[in-house]
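Note that the numbering used here numbers the sequence shown so that position 59 is 51, with each residue one more than the last.
Below: the structure, in structure tokens.
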Amino acid sequence: MSQVGLGLIIWHGIFEGKEYDWLRWCDELGNILLTGDERAEQEKQRADRLAELLRERGINPDEVL
């Protein structure tokens, strides 16, 4: 799969509530590609951090845009 810059690695972790060794997609540098749920959680954390920064500056994030 090197033609498309993807590979597979063994990753130990929890997926769908089960802790095992899993095969995960990775890029050509060995960085794990996030699942949809992982990407969504990452974006939620980013949005939460941004909302907190806005609140610290006296801005209500619910009133932005």
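Even for Gly, the Cβ is constructed at its ideal location relative to N, Cα and C.
Taking the continuous alpha helix (DSSP H) assigned at residue i, which residues delimit it?
| i | result |
| --- | --- |
| residue 28 | 28 to 48 |
Out of the options, point me to the one whose CA is closest to residue i's CA.
| i | options | result |
| --- | --- | --- |
| residue -2 | 34, 32, 55, 16 | 16 |
| residue 19 | 0, 9, 13 | 0 |
| residue 2 | 11, 30, 50 | 11 |
| residue 24 | 54, 5, 42, 39 | 5 |
If you follow the beta strand (DSSP E) that residue i is in, where does it begin and where does it stop?
| i | result |
| --- | --- |
| residue 51 | Counting along the chain, residue 51 falls outside any beta strand (DSSP E), and DSSP gives it neither H nor E. |
| residue 20 | Element bounds for residue 20: n/a, residue is neither H nor E. |
| residue -1 | -2 to 7 |
If we ignore side chains and look at the alpha-carbon of each, how far apart do residue i and residue j end up?
| i | j | result |
| --- | --- | --- |
| residue 34 | residue 27 | 10 Å |
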